[in-house]
Structures are given as structure tokens and as C-alpha cells.
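Residue numbers (the UniProt record's numbering): 1 to 556. Idealized CB from N, CA, C, for every residue including glycine. For reference, the structure is listed below as C-alpha cells.
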């Protein structure tokens, strides 16, 4: 081992041996903390980063994929109730390709890809069923791509076309949607699903689509469309109308001076209304039918020439019969005519959906204690509310505005409690800051104290080499040396190399008390100071030495 390394190790060993029990404990704990921190950091840095391999898997597909991962020895994690599989980032693409080569996930197969598997010997029934399944799969994939939708299933009921029926039934569809955790489909999303499904099938209307979620709630029923339930419609209308009126009154009268309640009645019936209208010609009104009859009497009326005589068999005139002329003086003629005048005819058919507003009632209460309300005109407020809510008197809508004293005790108590809570929070924040500052200051002072204590205990003694021959020259003589009276901090050790040293008191500045010492007294003083220094530097070792001296004493 190199000498420099040995010297470093020796100095380090000597430095460690000078530690007290408390210092050694602190050093051991610090080293252990560093080792554990290094191990934790290395473990965290060496941990693989996981990424999703597949999401939204069915139970069968998840089982097959995990079996493949276990066979390949790839670690994985399951989340979202087993619907999502996580694998190390470096192995995502390779495992995804392996799963695709094995036909996984199989649940994703469907749609128009089913038509590729049809053989030339497929019957017409198989072709129709496969085509319907393909449409269902494509619709399910499209709906499943919407935000908040985890899985979707579509069932189509398409009636067969026939020439032997006068009226064909409309196709219908049922959509089952499983949403993500904590997600609720909005009305706009339900309407999007309904219109997407109805537009994908020929002859299907939005009212022919039914949408149900995983909780068993009917989001859109057949015959009503995606309008929701009647209670939901009424609640939405009441909330929207109340907000409009409340915002208006808060702006004009001040916040908290008015309260609005709206109650609307919705019509849940749906049907078809047909109306016919007739339009008169531009020339003016005319009769629908006109008839005329003309009769003529007298000479020339009905004159004509014709053959007369006896008829033969089968009412056939006999040849060479006698021809006579008709009556020339007496005649009769009758003509009848009927004229139908066409009139413009218009037929209108209107589909009436459910959810129409039958009537509404609006109640407005004003705080009579407020100055803005006392100076307001109730009729003006009534007119503003009626205009904002679209009140129709013919429909039976009613608006009632009244002034009354508001009970503000609850709001005052809540405001007082809020103010007290804010003060308590501020006080708690102040004490928290004080505690944090105290802890920081305490830690800083403790660190400074420990550093000062360690520096004081391990400070090296200053030494000055002198020639001991000078002491021999004064053997048996006396001389004056100043003694340090303030302790051992100002002591200096005299010596050179491995020669014996004498501990002398350093000369303080100014006049210091002096004492006459002999050589023996100087030697004894040096030994006492060496023992004191050893006791301060290593008390445990000093105690062991003293205990050994006491045990080795010879009996008197």
C-alpha cells in the first residue's frame, strides 16, 4: 500500500478514535442514511418505465394477452379493473406486434372485415345477417371512440323488404353504452349517438333509436328521441329560466335583493298534425261545379236525315227499304253540360315531438328593506320578467312579483362564520410560519453548536520546539516562569522530535503573576498537563488507564 494512503488511513483512524460516543452514533446514522439513500436512488433509476400495451380490453382478451406475456417472461401490470395492461416501455411495440400476429385482441375484429370472410357458397340469409353484423360492429367502433365511452354495443332490427305488404315497418336500433368511471354522457352526446345511428341505416328516424347506459338508465327511448325524461326537461328549463331572470334582477336591484322561482309544465305527448288548405284563384272566387241545360223547340230542331222502314231479322234494315225524311216542322233539342273548376289544395303534415312547454308560472320575491327595491316600480319589474321568460298570457303563463322582508339571519351568521374562519386560517398560517421558522432556527443553531463542539474537541495543540539542553544548564537553579491561570487553552508543548517535552505556560500579554519553580516542579507540571490533555481528548481511555493503575498497586 502506498505511504500516502497509509498516512491518510492513519490520520482518519486517529480522527475517528477521537470521536465521543455521541459523535460515533451520529456518524454511523449518517453513513447508514447515505447508504440507504443510494440504494433507493439506484433502485428507482433502475426501475423500468411502464406504458399501456392495450386499453379497454374484454376479460377474454385480457386473459389471452397476459398468458402470452407470461410465456414471453415480460413483466406486466393490470389497471382499470383488468381492462388496461401495462408493460415496460421498451417492450410495448414488440409485444403488440406479437399479439396482433396471434389475432389479439379478438374482440376488436368485426365491422366490414366480416364481409371478407364470406365464401362464394353463402346463402342470401347469411349475407344479410353478416351485413347487419358488419354495420353493428362499425357503429359500435364509432360510438366507442367518443369521449367518456368505454365500450358500446349496437343491435339493429331491419325488417325484410317485401312486395306483398302495403306498409313497411321502420328499422329500429338499440345502443348499449358503458361509460368510463365517473363519466356521465351529456344530452348533446346522446343526441349525437342517436343521429349517428339513425343516419347510418336507410329509413331509420331518430325516434327509432333507443340508448341505454350501463346503469340501466334510458337515455333515449323509442318514439321520443334523445330528449330525456320529462322531469329532466322541466328541471333544465326551470334552471335556465331562473338563471336568466336572477341575473337580470341582480344587475338592476343588486345581488341578494331578489329571489326567483320558475315552474314550467312540459308536454310529454308526441304526435302528428295534418292540415289542409284551399286557395282561391287570382281572378276571384268561383263555384266548384257549374252545370248548364239547353232545350230547343220548333222547326229545324233535331232535323236530320235517316233511313226508315221495316227492320229485318236481328234488327238489320231490309235492303232497298223505303227512305223517309224526318218531321220538318216539329223538332226538339236538349243539351246538358257540367264544368268543374279546380282549386289549389295544400296538405301539411307536422311531427310534434314531446317536450313542449304547456305553461309556466314565475314567482319573484323582492327584499323590501333594500333601498334599490323601495325605489323600484313593480310593474316595470313585472314587464322585465315577463319579457325575459317569454311569458304568453294566452297559454296561461303567470308572473307574480311581491315585496317582503327577507330573513337575513342565516346569511349574516354564515358571513360571520366565514370571517371567523378566515381569521382562524390567518392565525394558523402565522403560527405555522413561526413554528417553521423556529424549527429552522433550532436546526441551524444545533448544527452550529455541534460544529463548534467538534472543532473545539479536535483542535490541535500548538507546539514549539526548544532545546532541552538549556534546561540542563539550569539544573538545580531556580527561574521564573509565568503560569497560565485561565485553563489549558493557552498551553504550549515544548519539544523536538521524539525527545521528551516540557509543558510550559505561555506568557500572557502585560504583567502576569509569576511563581518560582524548580526543574522537578516543571517536570511534574508537564506530566499533570499531559494527563489533563489525555483526559480531555480520550476520557474513556484515561479512565481505563487509571483503573489499571489502581488494580496494579502493591499492597502495603
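query, result
"Tell me the DSSP secondary structure of residue 356 in three-state form.", "strand"
"Go ahead and pull the three-state DSSP assignment for residue 52.", "strand"
"Taking contact to mean 3 or more Cβ pairs, one atom from each stretch, closer than 8 Å, check whether the segment 395–412 and the segment 367–380 are in contact.", "yes"
"Give every residue of the same chain whose Cβ lies closer than 8 Å to the Cβ of residue 541, excluding the five residues on either side of it in the sequence, and list them in chain order.", "534"
"For the beta strand (DSSP E) that residue 273 lies in, which residues bound it at each end?", "271–279"
"The beta strand (DSSP E) that contains residue 176, what's its start and end?", "172–179"
"Taking 9 Å as the cut-off, decide whether the C-beta atoms of residue 214 and residue 179 are in contact.", "yes"
"Identify the continuous beta strand (DSSP E) that holds residue 615 and give its terminal residues.", "The structure shown does not extend to residue 615, since the chain is modelled only from 1 to 556, so the question has no answer here."
"Within its chain, find whatever has a CB closer than 7 Å to the CB of residue 278; leave out the 5 residues flanking it on each side and keep chain order.", "343, 344 and 345"
"With DSSP collapsed to three states, give me the class of residue 394.", "helix"
"Do residue 362 and residue 386 have their CB atoms nearer than 9 Å?", "yes"
"If you run the structure through DSSP and keep just helix, strand and coil, what is residue 250?", "helix"
"Let me confirm a value: residue 36 is counted as buried when at least 16 other C-beta atoms fall within 10 Å, else exposed. Which label applies?", "exposed"
"Does DSSP classify residue 362 as helix, strand or coil?", "strand"
"What does residue 85 pair with, by DSSP beta-bridge criteria?", "54 and 78"
"What does a CB cutoff of less than 8 Å around residue 51 pick up in its chain, not counting 5 residues either side in sequence?", "86, 87, 88, 89 and 92"
"Considering only residues of the segment 2–62, which uninterrupted alpha helix (DSSP H) runs meet the minimum length of 4 residues and lie entirely inside it, listed in chain order?", "3–17 and 21–46"
"Taking the continuous beta strand (DSSP E) assigned at residue 369, which residues delimit it?", "Note, residue 369: premise wrong, no beta strand (DSSP E); not H, not E."
"So the candidates are 138, 146 and 168; which of them puts its Cα closest to the Cα of residue 156?", "138"
"Determine whether the beta carbon atoms of residue 270 and residue 191 lie at a separation below 9 Å.", "no"
"Which partner residues does residue 403 have in the DSSP bridge list?", "366"
"Could you say which of 332, 267, 290 and 289 lies nearest to residue 298 if we only look at CA atoms?", "332"
"In terms of residue numbering, what span does the alpha helix (DSSP H) encompassing residue 121 cover?", "Unbroken run through residue 121: none, as it is neither H nor E."
"Can you grab the Cα-Cα spacing for the pair residue 354 / residue 267, in whole Å?", "6 Å"
"So residue 400 packs on residue 364, CB below 8 Å; how close in whole Å?", "7 Å"
"Buried or exposed for residue 543, going by 16 or more other Cβ atoms inside 10 Å?", "exposed"
"In its own chain, which residues sit with a C-beta less than 7 Å from the C-beta of residue 111, not counting the 5 before and 5 after it?", "134, 137, 138 and 141"
"So, with DSSP's three-state summary, where would you put residue 146?", "coil"
"So does the segment 195–212 actually touch the segment 157–175, counting three or more Cβ pairs closer than 8 Å?", "yes"
"Going by C-alpha to C-alpha distance, which of 166, 117, 411 and 102 sits closest to residue 255?", "411"
"Using 10 angstroms around the beta-carbon of residue 3, count the other beta-carbons present and answer buried if the total reaches 16, otherwise exposed.", "exposed"
"In its own chain, which residues sit with a C-beta less than 6 Å from the C-beta of residue 238, not counting the 5 before and 5 after it?", "262 and 264"
"Indicate the three-state DSSP secondary structure (helix, strand or coil) for residue 382 in the structure shown.", "helix"
"Would you mind reading off the limits of the beta strand (DSSP E) that contains residue 213?", "209–213"
"Sorted by chain position, which residues of the same chain lie with C-beta nearer than 7 Å to residue 195's C-beta, five sequence neighbours on each side aside?", "206"
"How big is the Cα-Cα spacing for residue 289 and residue 189?", "57 Å"
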